[in-house]
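Novice: Below: one structure in structure tokens.
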Amino acid sequence: MSSEVSTPTAKSRQESCGEHVSKQKEVKDEYVPRLIWITYKSGTKVGYFDTHRKKHRRKRIASTSEASLKVIRDKARKLLAEFIIDPDGFEQTYYASLSVERFIYDDYLPAVQETHLSIRTIKSRIKPIVAAFGHKPLNRVTRDDIERFQAEQAKTKSVATVNRYVAQIKAIATFAVERGILKSSPAAGIRAKYEPVLPPKGLPDEAVNKLVARLMEDIDEEKARLLLFLFATGSRMGEARALKLQDCDLNRQIAYLPTSKSGRERLIPLHVQDL
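As structure tokens, then:
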């Protein structure tokens, strides 16, 4: 067994994500006070430090697939000592000692999943961040680290993509600061790179005419009507699907969208052919 806590693998992350819904057995450690072992139906055995507090009382240390029993017990003893010495500062000490990867998957993602509709987008942006910083303690990621990541990603990714990665790092760091886990954000002050505004690419007239003609042949099909509506109005797929008849003013030929992808209200002009 390794003498150190290993970086969680994709498999161990999947196991930890489902731990709370498949709990099977819970026992107290016979050697270390406040160390609790929970064995799940999958066979995963995970050590937790119990603070005996009502909110967030249990702090995950590691599973036996990530570290040896000795390492987990040593970590629990260290947490116990820190908790006794400074119970008020224990939370910050605990979270700051976590790896970036563990913090993202155990704390950040579960929290934003409740408030963000675009969780898949967030998860896709997190992958290169975890690959670059996942092994590092949360409180040891520096501005230089982030700027190096920014420069490295720029070699193979577009400016827009790199800017979104940096924005995601800022969001994670801000999340940690707001909860008192970090004193300040290492990403503060890092500017997004300039993105040149390029004209939108459109289909040639010939291709557009062929597309419309083909859709008109299948006008009795719902998908064909939907595509024609999208083409004529410039609305998004989600907007068109959510549009209700009561949101359409047929006299004024205006469709009212209470919420769009940006979260703001939007009006869509309608024409006779759209209706």
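When the letters of the sequence shown are read in order and numbered with my numbering, they come out as residues 609 to 883.
A virtual CB, placed ideally from N, CA and C, is assigned to each residue, including glycine.
Could you tell me the boundaries of the beta strand (DSSP E) in which residue 646 lies?
Specialist: Residue 646 -> beta strand (DSSP E) spans 643-648.
Novice: Would you mind working out which of 711, 710 and 769 sits nearest residue 729, comparing C-alpha positions?
Specialist: With distances taken between Cα atoms, residue 729 lies closest to 769.
Novice: Buried or exposed, going by whether 16 or more other CB atoms sit within 10 Å of the CB of residue 683?
Specialist: By the neighbour-count rule (16 or more Cβ atoms within 10 Å), residue 683 is buried.
Novice: Are the beta-carbon atoms of residue 632 and residue 653 separated by less than 7 angstroms?
Specialist: It is not a contact, given that the beta carbons lie outside the stated cut-off.
Novice: Could you give the residue range of the alpha helix (DSSP H) that holds residue 773?
Specialist: Looking at the DSSP string, the run of the alpha helix (DSSP H) that includes residue 773 is 767-786.
Novice: Can you tell me which of 645, 803, 799 and 635 puts its alpha carbon nearest to the alpha carbon of residue 755?
Specialist: Checking every option, the nearest Cα to that of residue 755 belongs to 799.
Novice: Can you round the beta-carbon distance between residue 655 and residue 643 to whole angstroms, since I take them to be within the 8 angstroms contact cut?
Specialist: About 6 angstroms separates the two Cβ atoms, so the contact holds.
Novice: How many angstroms separate the CA atom of residue 665 from the CA atom of residue 692?
Specialist: Looking at the two C-alpha atoms, the distance is approximately 15 angstroms.
Novice: According to the neighbour-count rule (16 or more other Cβ atoms, all chains shown, within 10 Å of its Cβ), is residue 699 buried or exposed?
Specialist: That one is buried.
Novice: Compute the Euclidean distance between the alpha carbons of residue 863 and residue 716, then round it to the nearest angstrom.
Specialist: Near 37 angstroms, if we compare the C-alpha coordinates of residue 716 and residue 863.
Novice: Are the Cβ atoms of residue 838 and residue 850 separated by less than 7 angstroms?
Specialist: No, Cβ-Cβ distance for residue 838 and residue 850 is not below 7 angstroms.
Novice: Please report the straight-line C-alpha distance between residue 858 and residue 820, rounded to a whole angstrom.
Specialist: Going from the Cα of residue 858 to the Cα of residue 820 covers about 23 angstroms.
Novice: If I follow the unbroken alpha helix (DSSP H) through residue 885, where does it start and stop?
Specialist: What the structure shows of the chain is the stretch from 609 to 883, and residue 885 is not part of that stretch, so it cannot be assessed.
Novice: Spatial neighbours of residue 629 within its chain, please: CB distance less than 7 angstroms, with the 5 preceding and 5 following residues excluded, ordered by chain position.
Specialist: At residue 629 the pLDDT is 43, less than 50, meaning the model places this residue with poor confidence; the figure from the coordinates comes in the next sentence. Closer than 7 angstroms at Cβ, skipping near neighbours: no residue.
Novice: Pick from 828, 732, 640 and 719: whose alpha carbon is nearest that of residue 689?
Specialist: For residue 689, the nearest C-alpha among the options comes from 640.
Novice: Could I get the ranges of all uninterrupted beta strand (DSSP E) runs contained in the segment 684-761, with 3 residues as the minimum, in chain order?
Specialist: The qualifying runs do not exist here; there are none.
Novice: So, at 7 angstroms on beta carbons, what are the nonlocal neighbours of residue 736 in its own chain, with the 5 sequence-adjacent residues on each side left out?
Specialist: So the list reads 761 and 773, once near-sequence residues are dropped.
Novice: By DSSP's criteria, residue 805 is part of a beta bridge. Which residues make up the other side?
Specialist: Its beta-bridge partners do not exist; DSSP assigns none.
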